[in-house]
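Participant: Sharing a structure with you now.
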Amino acid sequence: MNTIHRSNELSGDSFKQRAERSRSRTAISERQVEILKAVFNVNELPSKEVRVRLEKETGLPLEVIRVWFKNRRREKKYREQKKTGVEFWEEHW
């Protein structure tokens, strides 16, 4: 007997159960982004105290602020690596 199982059938999770567990995305307003960018331009790795102040000023949860800075640092590193790679090949070819 051949039986085909979908991944959610194997785990016993229904679509509704998976949806309930998943996190929703946080919408960050332009004003909030401006505040976060201003702090990032001064300090890419703000202390807990600074993040707590940002939480109060922006109304965003600490975890959202932490992840925003983490993603921003990664994006900056990626862009720098990409730029450096292009410049390297332009100089050597």
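Letter by letter, the sequence shown follows residues 1 to 93 of the UniProt record's numbering. Beta carbons are placed, not taken as given, at the ideal position from N, Cα and C, and that holds for glycine.
#1: Quick check on this structure: which residue in Asn-41, Asn-43, Leu-62 and Val-42 has the alpha carbon closest to the alpha carbon of Arg-51?
#2: Look at the alpha carbon of Ser-14 and the alpha carbon of Leu-45, and state the distance between them as a whole number of angstroms.
#3: On a CA-only basis, which of Tyr-78, Gln-17 and Glu-57 is nearest Ser-29? Give me that one, please.
#4: Could you check the C-alpha separation between Lys-77 and Lys-83 for me, to the nearest Å?
#5: Taking a contact to mean a Cβ-Cβ separation below 8 Å, would you say Val-39 touches Leu-60 in this structure?
#6: Roughly how many angstroms lie between the CA atoms of Arg-73 and Arg-66, to the nearest whole one?
Facilitator: According to the data block:
#1: It is Leu-62 whose Cα lies nearest to the Cα of Arg-51.
#2: Annotation: Ser-14 to Leu-45 spans about 40 Å, alpha carbon to alpha carbon.
#3: Ranked by how close their Cα comes to the Cα of Ser-29, the residues Tyr-78, Gln-17 and Glu-57 have Glu-57 in first place.
#4: Rounded to whole angstroms, Lys-77 and Lys-83 show a C-alpha spacing of 10 Å.
#5: Not closer than 8 Å, so no.
#6: Approximately 11 Å, taken between the alpha carbons.
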